[in-house]
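Visitor: Residue numbers (my numbering), protein chains in the order written: chain A, 283 to 565; chain B, 198 to 486. This is the structure I want to talk about, given as structure tokens.
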């Protein structure tokens, strides 16, 4: 059984008017079945309001299903007694790093999670060190988080989650507020966690090019999973993605447009090198 | 009629021990009707720069001229400047507060002292310009989608009838379609009204697609200033300062390295299609994505 599994997951919001009377229900997640294997890197795409963040919040028990079930590492998230274990196994990183950093010094911030879990002091220091090294921020351990760039702050947030020794990490648009360099740094750190440390990654993003290294990509629409497959399978369907208010990496779009003009290229080209090689081969 | 920055410097915490030079001797001229993109990594000074243009921050040294008048003159009407240079902040939807979209957009012009009728006409006009569907005018702004909230917030600034519109990362956090819709709307607005527009952005692809001119900020200085093609020709230097070029730039350089006769200065998908077809010996056709 997968490390993250959902079965017939439904989540409804109650809409209320200004007096607090119930106006109706909105189904944010609608019968989603998901099965993520340990060590997998999955990406979730979808337009604003498609339900992807709501789905993610179920994975570390911030939200509890209206119907259906969610299991994290075999534990049912709707059972109160599992909540703290679940949050330790499935860490979450949010969009705005400024809302997640509380310490005055980087290493203190990273140590907060394990300290809160009651980890012995000596082990906390070991965990802080290894976590900061894993995201490439060890040399900044004595710095004030205020002075760091957005990408550095976000990597400190990730180290903070890592220090709790999670089995999986859910990142909800971690690069939305970053500049290109910050985005690259964060994505590189996330891939390293997945490949080197073997941590399961669930990455939610609006940047298509960040998902090309994922094992599987899920596209959500109206609370349901509308598309699923490897990045190549998903990004081969340029028109379908555009209907879902998404796009494809610019290199994939260029290849698609050239194909429409009759140039013999395969669908689903994902990288600059692939396109250059394919064109060189077609000559 | 233009904005001129003449040797403008700005130091945060000037007298304290932690003084930081956020703008360092910046000179720029923004003529009327130009669509300018401002790029730079976080902390490069781009937000500080645009906040000078509507007088929110006062330069430590140097002068700023708006339509030929020095804005730091004692009798310069600073309050008027704020209505003539409209600034849309990052995540502007956090500033929506009224009970419905229409009242929210009316707030700015009313605050400027317009009477009710005039303010309402301005609000109506602004909502039309940002493409807000009419059935949403009397909805609570909090019930709108992300892209629509952003439109409502931009309309709130437009209703004050500014001559210059500055948008600080107007597409952050929106899905790709939402990004395209907002930028397309801004482009149309500029074409229709001839308004000067400054777009602060982290997305090189977006900037390449829409603007006439790019100003690159780095460490408080202007690093490059020119047409997108000229600026992105320095893609290696841009990378060194935490930026990048649009992905097509990398593709075209990779093709050039493999012996294709492509124009590496193409910066949009459409231009790249044309130059690649040309290099493959195919007649480029008119391509519109």
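Quick reminder that beta carbons are idealized off the backbone N, C-alpha and C, glycines included.
#1: Name the residue from B:387, B:235, B:227, B:452 whose alpha carbon lies nearest to the alpha carbon of residue 418 (chain B).
#2: Note down, one range per segment and in chain order, each beta strand (DSSP E) of at least 3 residues found wholly within the stretch 314-375 of chain A.
#3: The alpha helix (DSSP H) that contains residue 407 (chain B), what's its start and end?
#4: Would DSSP call residue 373 (chain B) helix, strand or coil?
#5: Opposite residue 226 (chain B) in the DSSP bridges: which residues?
#6: For residue 440 (chain B), decide whether its Cβ has a neighbour in chain A, counting only Cβ atoms nearer than 8 Å.
#7: If you run the structure through DSSP and keep just helix, strand and coil, what is residue 490 (chain A)?
#8: Output the distance between the C-alpha atoms of residue 385 (chain A) and residue 420 (chain A), rounded to the nearest integer angstrom.
#9: Contact between the stretch 291-298 of chain B and the stretch 328-340 of chain B: three or more CB pairs below 8 Å?
#10: Would you list, in sequence order, the uninterrupted alpha helix (DSSP H) runs of no fewer than 4 residues that lie entirely inside the stretch 292-321 of chain B?
#11: Leaving out five residues on either side along the sequence, give the residues of the same chain with a beta carbon under 6 Å from the beta carbon of residue 289 (chain B).
#12: By Cβ distance, which residues of its chain are closer than 6 Å to residue 509 (chain A), with the 5 residues on each side in sequence left out?
#13: Among A:559, A:459, A:444, A:490, whose alpha-carbon lies nearest the alpha-carbon of residue 471 (chain A)?
#14: Excluding the 5 residues flanking residue 555 (chain A) on each side, which residues of the same chain have their C-beta closer than 7 Å to its C-beta?
#15: How many angstroms separate the CA atom of residue 485 (chain B) from the CA atom of residue 306 (chain A)?
#16: Please name the residue in B:284, B:459, B:366, B:373 whose C-alpha comes closest to that of residue 353 (chain B).
#17: Comparing the C-beta of residue 244 (chain B) with each C-beta of chain A, is any distance below 8 Å?
#18: Does DSSP put residue 500 (chain A) in a helix, a strand or coil?
#19: Buried or exposed: which applies to residue 395 (chain B), given that a residue is buried once 16 or more other Cβ atoms fall within 10 Å of its Cβ?
#20: Is the beta carbon of residue 427 (chain A) sitting closer than 8 Å to the one on residue 373 (chain A)?
#21: Since residue 451 (chain B) is in the alpha helix (DSSP H), which residue starts that stretch and which ends it?
#22: Mapping DSSP to helix, strand and coil, what is residue 385 (chain A)?
#23: Alpha carbon to alpha carbon, how far is residue 360 (chain B) from residue 199 (chain B)?
#24: Under a Cβ-count criterion, where at least 16 other Cβ atoms within 10 Å of its own Cβ denotes burial, should residue 302 (chain A) be classed as buried or exposed?
#25: In whole angstroms, give me the CA-to-CA distance for residue 339 (chain A) and residue 312 (chain B).
#26: Assign residue 308 (chain A) to one of two classes, buried (16 or more other C-beta atoms within 10 Å of its C-beta) or exposed (fewer than that).
#27: Please report whether the beta-carbon of residue 540 (chain A) lies at a distance below 8 Å from any beta-carbon of chain B.
#28: Relative to the C-alpha of residue 359 (chain A), which residue among A:348, A:375, A:341 is closest?
#29: Name, please, each residue of chain A whose Cβ falls closer than 7 Å to the Cβ of residue 451 (chain B).
#30: Between residue 406 (chain B) and residue 387 (chain B), what straight-line distance do the alpha-carbon atoms span, to the nearest angstrom?
#31: Hey, out of B:413, B:453, B:450, whose CA is closest to residue 440 (chain B)'s CA?
#32: Here's the rule: buried if 16 or more other CB atoms are within 10 angstroms of the residue's CB, otherwise exposed. What is residue 522 (chain A)?
#33: Would you please verify whether the beta carbon of residue 234 (chain B) is less than 8 Å from any beta carbon of chain A?
#34: Whose Cβ in chain B lies nearer than 9 Å to the Cβ of residue 463 (chain A)?
#35: With DSSP as the reference, label residue 286 (chain B) as helix, strand or coil.
Guide: Quick answer:
#1: B:235
#2: 323-328, 349-354, 372-375
#3: 401-407
#4: helix
#5: B:201
#6: yes
#7: helix
#8: 15 Å
#9: yes
#10: 298-308
#11: 350
#12: 501, 516
#13: A:444
#14: none
#15: In this prediction, residue 485 (chain B) scores a pLDDT of 48, lower than 50, which makes its location untrustworthy; no coordinate-derived value is stated.
#16: B:284
#17: no
#18: strand
#19: buried
#20: no
#21: 444-454
#22: coil
#23: 10 Å
#24: exposed
#25: 47 Å
#26: exposed
#27: yes
#28: A:341
#29: 554, 555, 558
#30: 14 Å
#31: B:413
#32: exposed
#33: no
#34: 238, 239, 436, 438, 439, 440, 441
#35: coil
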